[in-house]
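**Student:** Right, I'll just put the structure down here and ask away after.
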Amino acid sequence: MAKLQTISEAEIQEISSTVKSRVVTEVVTQIQDMLGQLKSATLEIAVTGESGSGKSSFINAFRGMGDEDPEAARTGVTETTGEIMAYAHPTVPTVRLWDLPGIGTPSFQPQHYLEAVRLYQYDFFIIVTSERFRECHVILAKYVAQAGKRFYFVRNKVDNDVAATARRRGGDSSTVLNQIRTNCEAGLRQCGVDHPRVFLISSFEPQCFDFPQLQKTLVSELEGHKRHIFLLALPNLTSAVLKNKRQALSGSLWRTAMAACLGAMTPGGAMCSSVPLLMDTLRSYQQNFGLDTNSLHRLAGLTGKSYEELRREVRSTSGQELSMDGVERMLSQAAMGQQVLAGMLENRIPVLGTVASGGVSFIASYCLLRSAINDLSEDAERVMRKALNGSDLEYPEYQEDVPDPGEFY
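Take a look at the structure:
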């Protein structure tokens, strides 16, 4: 019989190191794939309607900017959309709203129209009017439904109707809105829509009327990554929206923190090697909560507040201008006093022991990002209340499952 050779301690350590290296490589690949799918997810929203219905103003309100913003969709009292125009969301550029040519002209033929505007590239359609819905709107909606796409009826400019009624004879605004809704739904039923849903909005007062309800409906009817990026693109009009954003960002927190610490596991890796990724993540959080410089300027222009008074409401360290040194200090502080939690996680996920030796621990990255999400959401709450003069609206919370890292491994 062949004599069995003994394995030295050095060889055992080498085998162990090789196995751990392969495990880490596989984990890195999986996490990068997950984060890549989230970042590359797209949402294409088609907005159409008659000339003068306020499509462009609706698109601007949806993107959280005023009509005078340099990046706003062009608006006017006549038809300004002669061709298809795409407008990316300012902080979530993979969310795009498409301003489509107007409908309702004598030459309008829905089947040719939908072919011309490339029907199948959009996730859903929003059909806008500033008066009553007509047969052309319903015909278009039916063709959209036949293609397996969702559509939503939006009655714009209801603020003008409420103000005009108040000037003529006074009266309660809710009565006016109920009349408008009843007339719109009745008109749609006459044209063949069995269960019409109409959202009454004002593009110039998006925090009022049915604008939040429209957003809530879209969130509930989207799925997966599309729902996630749509939620992050919502303007901060209510406390519940901010809570929902915090929940959505927490859903990818494990993966982001793991990617940061695994990124340090390169030859010569050190704490500083994870800082660029953490900086990028913190900056994206600032944008998601509308606290970066550009977002605050847009909000100031939209609400009439000054940029300076909105900026003063951003009080957390995470909400300030970020630097490499500053993020390193935040990372070091996050790592202090976390030994118990780190030990618990390491017992559940053995690879964390290897990760910690690579330069920066998972728990430090995780605690830093978790604290940042909480702090930034509180900053955004103060900014929202300052911008809206302390008002807030009811908006049911959306819940996204936050994965347990142990389940992933």
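When the letters of the sequence shown are read in order and numbered with full-length UniProt numbering, they come out as residues 1 to 409. We put the CB at the ideal spot given by N, CA and C, even for glycine.
(1) Could you spell out the range, first to last residue, of the beta strand (DSSP E) harbouring residue 103?
(2) On the DSSP bridge list, what partners appear for residue 44?
(3) Just verifying my parser: in three-state terms, what is the DSSP assignment at residue 321?
(4) Rounding to the nearest angstrom, what Cα-Cα distance links residue 379 and residue 364 in this structure?
(5) DSSP three-state label for residue 227, please.
(6) If we count the other Cβ atoms within 10 Å of its Cβ and call it buried at 16 or more, is residue 294 buried or exposed?
(7) With a threshold of 16 other CB atoms inside 10 Å of the CB of residue 109, please say whether the residue is buried or exposed.
(8) For residue 99 and residue 85, which I take to be in contact (beta-carbon distance under 8 Å), what is that distance rounded to the nearest angstrom?
(9) Less than 6 Å between C-beta atoms, sequence neighbours within five positions excluded: which residues of the same chain meet that for residue 301?
(10) Rounded to whole angstroms, what is the Cα-Cα separation between residue 127 and residue 138?
(11) By the DSSP assignment, the alpha helix (DSSP H) with residue 281 in it spans what residues?
(12) Quick check on this structure: which residue in 140, 105, 94, 191 has the alpha carbon closest to the alpha carbon of residue 115?
(13) Inspect the beta-carbon positions of residue 386 and residue 308 and report whether they are closer than 8 Å.
(14) Got a sec, what are the start and stop residues for the beta strand (DSSP E) residue 126 sits in?
(15) Taking a contact to mean a Cβ-Cβ separation below 8 Å, would you say residue 318 touches residue 376 in this structure?
(16) How many whole angstroms separate the CB atoms of residue 144 and residue 125, which I take to be in contact at a CB cut-off of 8 Å?
(17) Can we say the segment 43 to 55 touches the segment 235 to 243, given the rule of at least three CB pairs closer than 8 Å?
(18) In whole angstroms, what is the alpha-carbon distance linking residue 356 and residue 370?
(19) For residue 353 and residue 362, what's the separation of their Cα atoms in angstroms?
(20) Do you know offhand how far residue 296's Cα is from residue 93's?
**Tutor:** From the atom records:
(1) Run containing residue 103: none; DSSP gives neither H nor E here.
(2) 96
(3) Here DSSP, grouped into helix, strand and coil, assigns residue 321 to coil.
(4) Put simply, the backbone Cα of residue 379 is about 22 Å away from that of residue 364.
(5) helix
(6) exposed
(7) exposed
(8) 4 Å
(9) 66
(10) So the alpha carbons of these two residues sit roughly 9 Å apart.
(11) 275 to 288
(12) 140
(13) no
(14) DSSP places residue 126 inside the beta strand (DSSP E), whose first and last residues are 124 to 129.
(15) yes
(16) 5 Å
(17) The segment 43 to 55, when compared against the segment 235 to 243, does not touch it at the 8 Å Cβ threshold.
(18) The pLDDT assigned to residue 356 is 46, lower than 50, so where the model puts this residue is not dependable; a value taken from the coordinates is nonetheless given after this. The straight-line gap from Cα to Cα measures roughly 18 Å.
(19) Note that residue 353 has pLDDT 48, beneath the 50 cutoff, so the model's placement of it is unreliable and the number below is only indicative. One C-alpha to the other measures close to 9 Å.
(20) Distance between residue 296 and residue 93, taken at the CA atoms: about 17 Å.
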